[in-house]
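Chains as they are written, first to last, in this note's numbering: chain S, 18 to 132; chain R, 32 to 141.
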């Protein structure tokens, strides 16, 4: 149990376009979902926390207008990278957590390459 | 601000030898500490959390508040333990995102 999926697993896009990444909890209801970013050979950095039905909370330095997060249901959160640029190329990983067990379960990640 | 430090990028030990992966943290309150593991080409998975005080796959970790450490230990390493290990903390108080260390790549040599 406690499986989290992400789609797509990798995406290549042109500079200036927008890309949407989906994060789904397959067998549990995720009251909270988290989005992380991982640069090559670096650790995961928390970008934002989203609770179902409310606005996401962004970490300092993360542009909320650039990284749009929607958590409209208990099983789906989306991250949209708007007007992507090459510096947005990274590995984006989501995690999901339900209640009462508060362990975070991680998705497999999405590799974004912006040309 | 909270911080997690894993001083070793790479740790190589022989099969059957003891393993200790170091983790130190800085946080003024009472954090919740975790160890996550990432095997090759797989997603991050939870290995241990300090509040449950359990042993998983032979690994244990004790929270030492005086030394602000949460080192991961295993008495006898196995080849299947080769993976990337991340120490992480949650600050609590409603801010539940994980703060990760940079990770230690553990290689178990036959």
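Glycine included, each C-beta is placed from N, C-alpha and C at the ideal position. Being a predicted model, the structure only gives us computed values, none of them experimental.
>> Extract the residue ranges of the beta strand (DSSP E) inside the segment 79-123 of chain S, only unbroken runs of 3 or more that lie entirely within it.
In response: 84-90, 93-98, 107-114
>> Can you check whether the C-beta of residue 130/R is within less than 8 Å of a C-beta belonging to chain S?
In response: If you number the second chain from 1, residue 130/R lands on position 99. Between residue 130/R and chain S, the shortest Cβ-Cβ separation is below 8 Å.
> Taking buried to mean at least 16 other C-beta atoms within 10 Å of its own C-beta, is residue 58/S buried or exposed?
Replying inline: Translated into positions along the first chain, residue 58/S becomes position 41. So residue 58/S ends up on the exposed side.
> Since residue 56/R contacts residue 129/R with CB under 8 Å, what's their CB separation in whole angstroms?
Replying inline: As a first step, residue 56/R must be located in the second chain, where it is residue number 25. As a first step, residue 129/R must be located in the second chain, where it is residue number 98. Going by Cβ atoms, the distance from residue 56/R to residue 129/R rounds to 12 Å, so no, they are not a contact pair.
>> Check whether the segment 101-112 of chain S and the segment 92-101 of chain R touch, using three or more Cβ-Cβ pairs below 8 Å as the test.
In response: no
> According to the Cβ coordinates, are residue 45/S and residue 19/S closer than 8 Å?
Replying inline: The residue labelled residue 45/S in the question sits at position 28 within the first chain. The residue labelled residue 19/S in the question sits at position 2 within the first chain. Going by C-beta atoms, residue 45/S is nearer than 8 Å to residue 19/S.
> In angstroms, rounded to a whole number, what distance separates the CA positions of residue 114/S and residue 50/S?
Replying inline: Walking along the first chain from the start, residue 114/S turns up at place 97. Walking along the first chain from the start, residue 50/S turns up at place 33. Each residue's alpha carbon lies about 6 Å from the other.
> Just the Cα atoms here: how many angstroms apart are residue 34/R and residue 56/S?
Replying inline: Counted from its first residue, the second chain places residue 34/R at position 3. Counted from its first residue, the first chain places residue 56/S at position 39. Their Cα atoms are separated by approximately 18 Å.
>> Threshold first: 3 residues or longer. Then list the beta strand (DSSP E) segments lying entirely within the segment 19-43 of chain S, N to C.
In response: 21-24, 27-30, 36-42
> Fully enclosed by the segment 94-141 of chain R, which beta strand (DSSP E) runs are 3 residues long or longer?
Replying inline: When DSSP assignments are scanned along the segment 94-141 of chain R, the uninterrupted stretches of beta strand (DSSP E) that are 3 or more residues long and fall wholly within it turn out to be 103-105, 114-123, 126-131, 135-140.
>> Taking the straight line between their C-alpha atoms, what separation do you get for residue 119/S and residue 82/R?
In response: Position 102 of the first chain, counting from 1, holds the residue named residue 119/S. Position 51 of the second chain, counting from 1, holds the residue named residue 82/R. Between the C-alpha atoms of residue 119/S and residue 82/R there is a straight-line separation of about 12 Å.
> Under the DSSP definition of a beta bridge, which residues are partnered with residue 53/S?
Replying inline: Within the first chain, residue 53/S is the residue found at index 36, counting from 1. The partner list for residue 53/S (beta bridge, DSSP) reads 63/S, 110/S.
> Counting only beta-carbon atoms, is residue 123/S nearer than 8 Å to chain R?
Replying inline: For the purposes of this step, residue 123/S is identified with residue 106 of the first chain, where counting begins at 1. True, the Cβ-Cβ gap to chain R drops below 8 Å.
>> Run through chain R and tell me which residues come within less than 8 Å of residue 59/S, C-beta to C-beta.
In response: Walking along the first chain from the start, residue 59/S turns up at place 42. The answer, in chain order, is 133.
> Excluding five sequence neighbours on each side, which residues of the same chain lie with their C-beta closer than 6 Å to the C-beta of residue 42/S?
Replying inline: The residue you call residue 42/S lines up with position 25 of the first chain. Correct list, in chain order: 21, 92, 113.
>> Please classify residue 27/S as buried or exposed, where buried requires at least 16 other C-beta atoms within 10 Å of its C-beta.
In response: Your numbering for residue 27/S matches position 10 in the first chain. With fewer than 16 other Cβ atoms within 10 Å, it is exposed.
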